[in-house]
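Undergrad: Here it is, the structure in full.
Numbering (this note's numbering), first residue to last: 1 to 174.
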């Protein structure tokens, strides 16, 4: 396989794995899907240009994403580079250093998308508070078997919700 073709194959795999993560993180920060998509494309164009020199793709992507986001804020605030840096840097750094906050928000949105409030309670009891199916069922007046069935449906709903946002697995959020 020619070297350029091999690079394209490798890049395509990285793009497939990380594009949803990068665009999702940018969307969480910006709140505008079109701008987030544009910035994510900018990150991946830069990655393609530097691909041969990148050793740790994930670290490189998140550092570049932070820089692209910083540039976006600088332009949006219409400020000189040295002024904008001091005003935007702390907010951007907190977002990427404390990625757990964004992860928690995404997961909370996924759980809140579950239509039935009883199912949301079941999910909380089992997944968060670590209750057994029987204990959770006792709280909401259902049998252990009913809870097990509903919990499976809840998990599928949450996975579908995350999948619609481009998140294939929990690891994509980390």
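Yeah, the Cβ is synthetic: ideal placement off N, Cα and C, and Gly gets one too.
Expressed to the nearest angstrom, what Euclidean distance is found between the alpha-carbon atoms of residue 161 and residue 121?
TA: 18 Å
Undergrad: Report the residue from 157, 64 and 118 whose alpha carbon sits nearest the alpha carbon of residue 138.
TA: 118
Undergrad: Can you list, in chain order, the residues of its chain whose CB lies under 8 Å from that of residue 167, leaving out five sequence neighbours each side?
TA: 20, 21, 24, 106 and 173
Undergrad: Please state whether DSSP places residue 112 in a helix, a strand or coil.
TA: helix
Undergrad: Would you say residue 72 and residue 39 are within 8 Å of each other, going by their C-beta atoms?
TA: yes
Undergrad: I want to know whether the segment 144-152 touches the segment 6-18 - three or more CB-CB distances under 8 Å.
TA: no
Undergrad: Going by CA-CA distance only, name the one from 36, 37, 35 and 64 that's closest to residue 49.
TA: Looking at 36, 37, 35 and 64, the one whose alpha-carbon comes closest to that of residue 49 is 64.
Undergrad: If we count the other Cβ atoms within 10 Å of its Cβ and call it buried at 16 or more, is residue 26 buried or exposed?
TA: buried
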